[in-house]
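Before any comments, here is the structure.
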Amino acid sequence: MSESSGGYDDRTVGRRLADAADETDGDRPTDLECIVVQYRDRPDRCTITPRECSEGDQLTHWLSVDVSATVDLDEVR
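Numbering (numbering that gives the first Met the number 0), first residue to last: 0 to 76.
Okay, here's the thing in structure tokens:
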């Protein structure tokens with residue numbers, strides 16, 4: 000079966016993940032930026048994105064979560 004329960008073609012996702020791994024420079028860590036947006040009527044959101052990327056990549060290179068789902072890294076180490 001090539002489609003996931005979310006309706007995505009698993010083969011396409013696999014290729015995209017492999018391509019992303021090939022593009023990674025193992026010698027250089029990626030600098031990330033955390034942007035928090037506060038809302039009055041819903042949970043605040045935290046978006047993590049590379050600090051430097053092309054304008055086109057800005058549309059797809061990010062991850063957002065509710066702030067309540069994050070932890071302080073120093074506290075969990």
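Note that CB positions come from ideal geometry on N, CA and C, so glycine has one too. Note that this is a predicted model, so its numbers are computed, not measured.
message = In whole angstroms, give me the CA-to-CA distance for Glu-74 and Ile-47.
response = Using only the alpha carbons, I get a separation of about 19 Å.
Quick one: measure Cβ to Cβ for Cys-45 and Val-64, integer angstroms, because I've assumed they're closer than 8 Å. 6 Å
Collapsed DSSP secondary structure at Asp-30 in the structure displayed: coil
Close Cβ partners of Val-66 (< 8 Å) along its chain, the five nearest in sequence each way excluded: Spatial neighbours of Val-66 in its own chain (CB-CB distance under 8 Å, excluding positions within 5 residues in sequence) are listed in chain order as Val-35, Pro-42, Asp-43, Arg-44 and Cys-45.
Arg-76 versus Val-70: straight-line alpha-carbon distance, rounded: It is roughly 11 Å from the alpha-carbon of Arg-76 to the alpha-carbon of Val-70.
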